[in-house]
Amino acid sequence: MNQHHKIMRYTSLFIAFLLMVSCGRHSSKTNDPIVYTKADDPELEQARNEALDSLDYFIKSFSDHKSDSIFNYSLKADFVDNGQHEFMWIDLEKIENEQFIGYLDNEPQIIKNVKYGELISIDKSQIEDWIIVDSRTNTWEGGFSVKVFLKRDSK
Numbered sequence: 099m100n101q102h103h104k105i106m107r108y109t110s111l112f113i114a115f116l117l118m119v120s121c122g123r124h125s126s127k128t129n130d131p132i133v134y135t136k137a138d139d140p141e142l143e144q145a146r147n148e149a150l151d152s153l154d155y156f157i158k159s160f161s162d163h164k165s166d167s168i169f170n171y172s173l174k175a176d177f178v179d180n181g182q183h184e185f186m187w188i189d190l191e192k193i194e195n196e197q198f199i200g201y202l203d204n205e206p207q208i209i210k211n212v213k214y215g216e217l218i219s220i221d222k223s224q225i226e227d228w229i230i231v232d233s234r235t236n237t238w239e240g241g242f243s244v245k246v247f248l249k250r251d252s253k
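Quick note on numbering: the sequence shown equals residues 99 to 253 in the working numbering.
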């Protein structure tokens, strides 16, 4: 594999994802397609910057609604194993000592140092994206990289 590529995964049937998380359940193992992108993809870099610029909003919303089952909070993080990158979603459970703790919501396809359903702790430097799903309205906020991939899929 070309070292100038990063591995990104996303759900091509994002609506199914929304339905799963809006029901307040962890998704089952997913076979999300793997998308190879250049490490310097400007649209994905912009999406990451938007996510990080608005991360305080995500954190405040999580703090305000963490015991409310109406909302589901997920973070996309960069996982690295032997120089290989794979970007996967974590279903956030808590934020503690500047660590974001949740369950890995994707089945790793490239890296081998984490497993689906494993309780994961990440720091801010690993965050690539965030999403908040409202189960009452099946709407979502964030998902900046998801928007990029949905736009590309529609072409």
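C-beta: ideal position from N, C-alpha, C; glycine also.
Predicted model only: the values in this text are computed from it and were never measured.
Candidates the options: closest to residue i by CA position
i: HIS163; options: VAL244, GLY241, ASP203, VAL231; result: VAL231
i: ALA186; options: ILE209, ILE168, LYS192, SER165; result: Checking the sequence, you will find Met at residue 186 rather than Ala. Checking every option, the nearest Cα to that of MET186 belongs to ILE209.
i: PHE198; options: GLN207, GLN182, GLU226; result: GLU226
i: SER165; options: ASN236, GLU191, ASP176, ARG234; result: GLU191
i: GLN182; options: ASN211, GLU196, GLY215; result: ASN211
i: LEU217; options: LYS245, ILE193, GLU141, ARG234; result: ILE193
i: ARG250; options: SER233, LEU142, ASP138; result: LEU142
i: PHE177; options: PHE169, ALA145, TYR214; result: TYR214
i: LEU168; options: THR235, VAL246, ASP139, PHE247; result: Looking at the sequence itself, residue 168 is Ile, so the reference to Leu does not match. Nearest of THR235, VAL246, ASP139, PHE247 to ILE168, Cα basis: THR235.
i: GLU184; options: GLU196, ALA137, ASN147; result: ALA137
i: ASP154; options: PHE247, SER252, GLU196, VAL246; result: GLU196
Terminal residues of the beta strand (DSSP E) in which residue i lies
i: GLN197; result: 197–202
i: ASN170; result: 169–179
i: GLU194; result: 182–194
i: ASP227; result: 225–232
Cβ separation of residue i and residue j, assumed to be a contact under 8 Å, to the nearest whole Å
i: TRP228; j: ALA149; result: 6 Å
i: ILE188; j: TYR201; result: 7 Å
i: LYS174; j: SER243; result: 6 Å
i: SER172; j: ASP203; result: 7 Å
Range of the contiguous alpha helix (DSSP H) that encloses residue i
i: LYS74; result: Residue 74 lies beyond the stretch modelled for the chain, which goes from 99 to 253, so this question has no answer here.
i: ALA149; result: 140–151
Distance CB(residue i)-CB(residue j) smaller than 8 Å
i: PHE156; j: GLY240; result: yes
i: SER233; j: ASN147; result: no
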